[in-house]
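Participant:
In UniProt numbering, the protein residues as written are 1 to 268.
(1) Nearest-angstrom Cα distance between residue 155 and residue 24?
(2) Just verifying my parser: in three-state terms, what is the DSSP assignment at residue 200?
(3) For the 8 Å Cβ check, are there 3 or more pairs between the stretch 116-123 and the stretch 159-169?
(4) Would residue 126 pass as a contact of residue 181 if the rule is Cβ separation under 8 Å?
(5) Using the beta-carbon count (16 or more within 10 Å), is residue 243 buried or exposed?
(6) Ignoring anything shorter than 4 residues or poking outside the stretch 125-173, list the alpha helix (DSSP H) runs there in chain order.
(7) Spatial neighbours of residue 132 within its chain, please: CB distance less than 7 Å, with the 5 preceding and 5 following residues excluded, ordered by chain position.
(8) Considering only C-alpha positions, which residue in the set 130, 42, 192 and 147 is nearest to residue 66?
(9) Looking at the structure shown, is residue 182 part of a helix, part of a strand, or coil, going by DSSP?
(10) Please state the DSSP three-state secondary structure of residue 88.
(11) Helix, strand or coil: which one does DSSP assign to residue 259?
(12) When DSSP labels each residue in this structure, what does residue 116 get in the three-state scheme?
(13) Alpha carbon to alpha carbon, what distance is there between residue 262 and residue 87?
(14) Please state the DSSP three-state secondary structure of residue 267.
(15) Can you tell me which of the three DSSP states residue 60 falls into?
(16) Could you check the C-alpha separation between residue 196 and residue 160 for me, to the nearest Å?
(17) Using 8 Å as the threshold, is the C-beta distance between residue 96 and residue 79 below it?
(18) Do the stretch 47-61 and the stretch 251-261 meet, that is, are 3 or more Cβ pairs less than 8 Å apart?
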């Protein structure tokens with residue numbers, strides 16, 4: 001009888017543990033800051049983080065779209081231009097600490113190097129690389145003070161991973177993001193900081209749809225995008241958000257300095 005009682009107790013304890021795991025989110029209590037949260041991958045990630053129990057500060061320059069996230073109690077929205085140092089530093093000062101910094105802001109330029117003017121080059125590098133430099137430099141000291149921190153950067157398969165036609169400056173900037181990620185990971189690994197990047201393929205976002213509509217023949221442009229997807233479809237922002245949650249969680253505690261590819265095999 002005693003043995004049966006112990007087994008029953010252990011079984012009940014296991015049930016309680018399982019129930020608690022169901023109730024608790026994978027990101028419970030974590031403070032997360034991210035950029036470009038008004039739409040696309042940033043928006044999907046902000047919502048996914050919030051649903052997993054995180055306290056999210058979602059930033060963007062699009063104030064109207066950003067307001068749509070105000071309906072989520074654990075998401076605080078703030079209009080911030082992450083290419084402006086004063087705005088980034090002001091944001092960092094507002095927060096006591098940050099567990100996860102997710103740099104999403106980006107711009108896709110279409111064309112070869114011959115189609116890329118200096119202003120196009122400078123703008124792309126400012127949005128895609130300099131913004132991450134500013135954000136990391138502003139928030140990393142807070143992480144170092146607590147001897148723990150998690151940085152996630154948005155890169156792309158169109159980078160040092162794969163040469164893609166008509167993506168010269170974009171691919172160059174995303175290759176720089178991969179380099180930045182590895183450098184930060186290597187420099188601060190012994191201080192409790194980890195840094196990874198996400199490398200999507202073609203993701204069906206409002207930004208992509210806008211770029212397709214801007215082409216001379218939008219219908220053909222869409223067909224061209226789909227034709228290069230070996231899975232027969234594009235990735236969704238929500239699918240990328242699942243990877244974001246993993247990298248933001250303690251489940252990935254032993255992962256740093258790595259490119260995480262989610263492209264449906266496009267690079268193959």
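Heads up, the beta-carbon is just placed ideally off N, CA and C, and yes, glycines get one too. Model, not experiment: these values are computed from the prediction.
Facilitator: In brief:
(1) 30 Å
(2) strand
(3) yes
(4) no
(5) buried
(6) 131-146
(7) 103, 153, 177 and 180
(8) 42
(9) When secondary structure is reduced to three states using DSSP, residue 182 falls in the helix class.
(10) In the structure shown, residue 88 sits in a helix (DSSP, three-state: H, G or I).
(11) strand
(12) coil
(13) 31 Å
(14) coil
(15) strand
(16) Residue 196 and residue 160: Cα-Cα distance of roughly 15 Å.
(17) For residue 96 and residue 79, no; Cβs fall outside 8 Å.
(18) no
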